[in-house]
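Undergrad: Residue numbers (the numbering used here): 727 to 1363.
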Amino acid sequence: MLDLTLCMIVKNEAKHLERCLTSVRSLVREIIVGDTGSEDESIDIARQFGARIVPVVWEDDFALARNTVLEHATSPWILILDADEEAVSWNIPEMISLLTDSEVFGYYVQLVSYVGDRSSREYMTDSVCRLFRNDPRIRFQGTIHEDTARSILELPGSPIAFSSLTIAHYGYLQVELVSKNKSNRNLSILQKALTKTPEDLLLRYALGTEHFQAQQYEQAASILLPLLKEVRPNQGYGSDLYIKASYSLFMLGQDEQAGQVIEAGLSQYADFSDLHDLKASVLLRQGKPAAALDAVNMALRCGDVSASYTTTSGCGTYRTHYSAARICERLFHYQEALQHYERALSFRSDYLPAWSELIPLLLLEDRPLHLIGLLQRYPEAWNAELLSLLIPSALNARSTEIIQYVLYESSCARNLLPPLLDIMHLFQKDKDESACFKLHDMLRTAPDDPMLIRYLWASAWKRQDIAYARYMAEQFCQDSLYTIQQVMETEQQAASNFSDGLGVLQMLVQVGAWEAALLLYQHASSPTIHMGAIPPSLFCGLLKAPANIKKEWCRIYENRCLEAPTNRLDSAETFVFTLMAQSCGTILDLPARRCSAPDRSAAYIGAACYQLSKASYYGGLSIEESDFRVYFRAFSF
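1) Just how far apart, CA to CA, sit Leu837 and Val854?
2) Check the C-beta distance from Lys1276 over to Ile1313 and give it rounded, since I have them as a contact under 8 Å.
3) Would you call Phe888 buried or exposed, if buried means 16 or more other Cβ atoms sit within 10 Å of its Cβ?
4) Say whether the segment 746 to 756 touches the segment 811 to 826, bearing in mind that this needs 3 or more beta-carbon pairs closer than 8 Å, one atom from each stretch.
5) Cα separation between Leu1097 and Leu1264?
6) Report back the beta-carbon spacing between Trp1183 and Leu1207 to the nearest angstrom; my notes put them in contact at under 8 Å.
7) One question on the structure: do Arg856 and Val835 come within less than 9 Å of each other, judged by their Cβ atoms?
8) When DSSP labels each residue in this structure, what does Tyr1131 get in the three-state scheme?
9) In angstroms with no decimal places, state the Cα-to-Cα distance between Gln1061 and Glu1284.
10) By DSSP's criteria, Ala1423 is part of a beta bridge. Which residues make up the other side?
11) Looking only at DSSP bridge pairs, what is Cys733 linked to?
12) Compute the Euclidean distance between the alpha carbons of Ser1075 and Tyr995, then round it to the nearest angstrom.
13) What would DSSP say about Leu857, mapped onto helix, strand or coil?
14) Just how far apart, CA to CA, sit Asp1156 and Gly1238?
15) On a CA-only basis, which of Gln942, Gln941, Glu936 and Glu925 is nearest Pro952? Give me that one, please.
16) What does DSSP give as the partner residues of Phe1358 in its beta bridges?
17) The beta strand (DSSP E) with Asp1296 in it runs from where to where?
18) Using 9 Å as the threshold, is the C-beta distance between Leu730 and Leu796 below it?
19) Would you list the residues sitting across from Phe888 in a DSSP beta bridge?
20) Is it buried or exposed, Tyr1134, if we count other Cβ atoms within 10 angstroms and call 16 or more buried?
21) Out of Glu1055, Leu1089, Gly991 and Tyr1048, which one is the CA nearest neighbour of Leu1071?
22) Is Arg773 closer than 9 Å to His798 when the C-beta atoms are compared?
23) Going by the DSSP bridge assignment, what does Thr851 pair with across the sheet?
24) Let me know if Tyr1163 comes out buried or exposed under the rule of 16 or more other beta-carbons within 10 Å of its beta-carbon.
25) Under the assumption that Leu933 contacts Leu916 (Cβ atoms under 8 Å), give the Cβ distance between them as a whole number of angstroms.
26) Quick one: what does DSSP say Asp1000 is sitting in, helix, strand or coil?
27) Only counting the same chain, and skipping five residues up and downstream in sequence, which positions put a Cβ closer than 6 Å to that of Gly991?
28) So for Cys1321, helix, strand or coil by DSSP?
29) Grab me the residues of His742's own chain with a C-beta within less than 6 Å of its C-beta, minus the 5 sequence neighbours each way, in chain order.
30) Taking 8 Å as the limit between beta carbons, can you name the residues of its chain near Val780, skipping five residues before and five after?
31) Can you look up Pro882 in the DSSP assignment and give me helix, strand or coil?
32) Is Pro1261 helix, strand or coil when you go by DSSP?
33) Please work out which residues of its chain come closer than 7 Å, Cβ to Cβ, to Ala1199, disregarding the five sequence neighbours upstream and downstream, and give them in chain order.
34) CB-CB under 7 Å to Trp1240, same chain, minus the five flanking residues each way: which ones, in chain order?
35) So if DSSP puts Ile779 in a beta bridge, which residue, or which two residues, is it bridged to?
And the structure:
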């Protein structure tokens, strides 16, 4: 053990205290716990670790309470932790090196505060002085958000050094904020303190921060903006003040003023990646994607600045690469976007937002082997969330390569997969008899499973067993599937919409029931199955339909366009059927109408691709289907 005292203040922290003390029990010689009125098992837990309990009267002053505990420390060095924190991978050799440096009076450690839901693994970082000499001149200052750094810096020849030590803090997780009602508690303390010293800059900053963390951006901006004129560049929280003030303005929709605050902040903190990242968001909302890309690239050049600034997780690394990729897609720079998504994964391989965009983009580019290569590169990223994205996309796209790879990984016991995946793989290899046998076997043990029933219904349509399909719809699914069965069987236009028409279409495509999928589209009302709104993966799967099916699908669409009274064509649907026609060696013949879309650039793309495909068909212009596929992102972005 080290000649080091752990000092804490606690109240009703039984939920966290054992984890905290376990993280340092082999490092500290002494534990002093100041209890401010616990009514749970906190004191008993602390005593199990050999802690000395000091009763502390709570007077709405964190510095006062902490300084009371410091008076009881006997080691030459003091460590400060809260119960909802833990030391991450600290070791004795590193600690000895720090504590034997005679020139240093205190050390900054990196505080990693997790935010939001625990599963998201998002966090904010800050440098805080939690390790310092046991010197009566070193005491906490500040009623709330208290620290010792100011008292150390006031001493002559007493520098504070940076260390590589990390503390994980769980108190800002949403569940903790709600259960402890921290925001109201802190606001009450701050307002009480401000009645005594209303001009205190640090207290006003802390008040603005509390409103900011509670997402009360109007109150936060009203408090933080005036402080920008008072704060000095060398004050440790200056950069944080700029980012919180500008972000509050951004969330209030005041982009011009937010931009001005950002520029003022960058004039003092030019390497603060969070400000560059926020600047990109402001520019993007102002309709300036090229300038936004410049800003986000600047954030990437700054990189991870957590050692110098209070920053958010992934800023300058994975999250900023993700932002850069999304901006590149706005500019139709798809290859550059792919590179940024992959770079995001290189920093954090389980970053789900990057996977959620990479998977459809690589499927649209018909690059399943590239996607498999990424999955092989990051085996640690395999989890239920990733598979919930990957498997439906692969099934919709009928990507047998990806499905086969996922099944192989399952056989190696690297992950657990839904048993239906093997059955769907059989359907997509047209081994329908084996697939149906397995479905019936599963149905015996789960007779009410709607997914099994619907796949059996779809497989009946694939083999044109209409009577069995009707039986499944009548006996097991007295819902919209029965309505869909009637529409398809009678070949009458649906009298009303059914909510899951798109879901049924996906099932039919997955099992390869092409005639049934065509029949469903032909007789479903247009709002029920809008081909321009299908997922990118399903778009890829439809392009793998037999040529005669695709030609008939295009013919139905042509007839609908001729019969429609509107003067405009839907650009997304026009795009889908343009590629469908091109993939089977034919051309659409549409009336001369303008294409429309909510986004003007998407409308132009739909019209341009249609015209280019005609030029290719009639004039010998060499344009491949693969040249167009990725532009489906313009409609699904």
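In this text, a Cβ means the ideal position worked out from N, Cα and C, and glycines have one as well.
Treat the numbers as computed from the prediction; the structure is a model and nothing was measured.
TA: The relevant details are as follows:
1) Here residue 837 refers to the residue found at position 111 of the sequence shown. Here residue 854 refers to the residue found at position 128 of the sequence shown. Near 7 Å, if we compare the C-alpha coordinates of Val854 and Leu837.
2) Within the sequence shown, residue 1276 is the residue found at index 550, counting from 1. Within the sequence shown, residue 1313 is the residue found at index 587, counting from 1. 12 Å between Cβ atoms; not a contact.
3) Along the sequence shown, one-based indexing puts residue 888 at 162. Exposed, because fewer than 16 other Cβ atoms sit within 10 Å of the Cβ of Phe888.
4) yes
5) The sequence position of residue 1097 within the sequence shown is 371, counting from 1. The sequence position of residue 1264 within the sequence shown is 538, counting from 1. If you take the alpha carbons of Leu1097 and Leu1264, they lie about 17 Å apart.
6) Working through the sequence shown from its first residue, we reach residue 1183 at position 457. Working through the sequence shown from its first residue, we reach residue 1207 at position 481. About 7 Å; that satisfies the 8 Å criterion.
7) Along the sequence shown, read from residue 1 onward, the residue named residue 856 stands at position 130. Along the sequence shown, read from residue 1 onward, the residue named residue 835 stands at position 109. Cβ distance < 9 Å, so Arg856 and Val835 count as in contact.
8) Taking the sequence shown and counting its residues from 1, the one referred to as residue 1131 is at position 405. In this structure, Tyr1131 counts as helix in the three-state DSSP scheme.
9) Here residue 1061 refers to the residue found at position 335 when the sequence shown is read from its first residue. Here residue 1284 refers to the residue found at position 558 when the sequence shown is read from its first residue. Cα to Cα, the separation comes out at about 33 Å.
10) This structure does not reach residue 1423, given that the chain is present from 727 up to 1363, and the question cannot be answered.
11) Taking the sequence shown and counting its residues from 1, one reaches residue 733 at position 7. Ile758 and Ile806, per the DSSP bridge assignment.
12) By one-based count along the sequence shown, residue 1075 stands at place 349. By one-based count along the sequence shown, residue 995 stands at place 269. Between Ser1075 and Tyr995, the C-alpha separation is close to 30 Å.
13) For the purposes of this step, residue 857 is taken as residue 131 along the sequence shown, with counting starting at 1. Reduced to three states, the DSSP call for Leu857 is strand.
14) Start at 1 with the first residue of the sequence shown, and residue 1156 comes out as number 430. Start at 1 with the first residue of the sequence shown, and residue 1238 comes out as number 512. So the two alpha carbons sit approximately 8 Å from each other.
15) The residue you call residue 952 lines up with position 226 of the sequence shown. Of the candidates Gln942, Gln941, Glu936 and Glu925, the one whose C-alpha sits nearest the C-alpha of Pro952 is Glu925.
16) For the purposes of this step, residue 1358 is taken as the residue at position 632 of the sequence shown. Answer is none; Phe1358 lacks a bridge partner.
17) Mapped onto the sequence shown, residue 1296 falls at position 570. Counting along the chain, the beta strand (DSSP E) containing Asp1296 begins and ends at Arg1294 to Asp1296.
18) Indexing the sequence shown from 1 puts residue 730 at position 4. Indexing the sequence shown from 1 puts residue 796 at position 70. Contact: no.
19) Position 162 of the sequence shown, counting from 1, holds the residue named residue 888. According to the DSSP secondary-structure assignment, Phe888 is paired through a beta bridge with Tyr834.
20) Residue numbering aside, residue 1134 sits at position 408 when the sequence shown is read from its first letter. Counting Cβ neighbours within 10 Å, Tyr1134 comes out exposed, since fewer than 16 surround it.
21) In the sequence shown, the residue the question calls residue 1071 occupies position 345. For Leu1071, the nearest C-alpha among the options comes from Tyr1048.
22) Working through the sequence shown from its first residue, we reach residue 798 at position 72. Working through the sequence shown from its first residue, we reach residue 773 at position 47. No, these two residues do not count as a Cβ contact at 9 Å.
23) Numbered from 1 along the sequence shown, position 125 holds the residue referred to as residue 851. Thr851 pairs with Val838 and Thr1037.
24) For this step, residue 1163 is matched to residue 437 along the sequence shown. Checking the sequence, you will find Phe at residue 1163 rather than Tyr. Classification of Phe1163: exposed, given that the 10 Å Cβ count is below 16.
25) Numbered from its first residue, the sequence shown carries residue 933 at position 207. Numbered from its first residue, the sequence shown carries residue 916 at position 190. That pair is a contact at about 5 Å.
26) Stepping through the sequence shown from its first residue, residue 1000 is reached at position 274. Correct three-state label for Asp1000: helix.
27) In the sequence shown, the residue the question calls residue 991 occupies position 265. Only Tyr968 and Leu1001 meet the Cβ criterion.
28) In the sequence shown, residue 1321 corresponds to position 595, counting from 1. Residue state, collapsed to three classes: strand.
29) On the sequence shown, position 16 is the one that residue 742 refers to. Counting only Cβ-Cβ distances below 6 Å, and skipping sequence neighbours, we find Ala809 and Asp810.
30) Counting from 1 along the sequence shown, the entry for residue 780 is found at position 54. The residues are Ile758, Val759, Gly760, Asp761, Thr794, Val795 and His798.
31) Counted from its first residue, the sequence shown places residue 882 at position 156. Residue state, collapsed to three classes: coil.
32) Residue mapping note: residue 1261 aligns to position 535 of the sequence shown, counting from 1. Coil at Pro1261, not helix or strand.
33) As a working mapping, residue 1199 is identified with position 473 in the sequence shown. Excluding positions up to five away in sequence, the list reads Trp1183, Leu1207, Tyr1208 and Gln1211.
34) Within the sequence shown, residue 1240 is the residue found at index 514, counting from 1. Cβ neighbours of Trp1240 beyond the five flanking positions: Ala1271, Pro1272 and Ile1275.
35) Residue mapping note: residue 779 aligns to position 53 of the sequence shown, counting from 1. According to DSSP, which records beta bridges pairwise, Ile779 is partnered with Val759.
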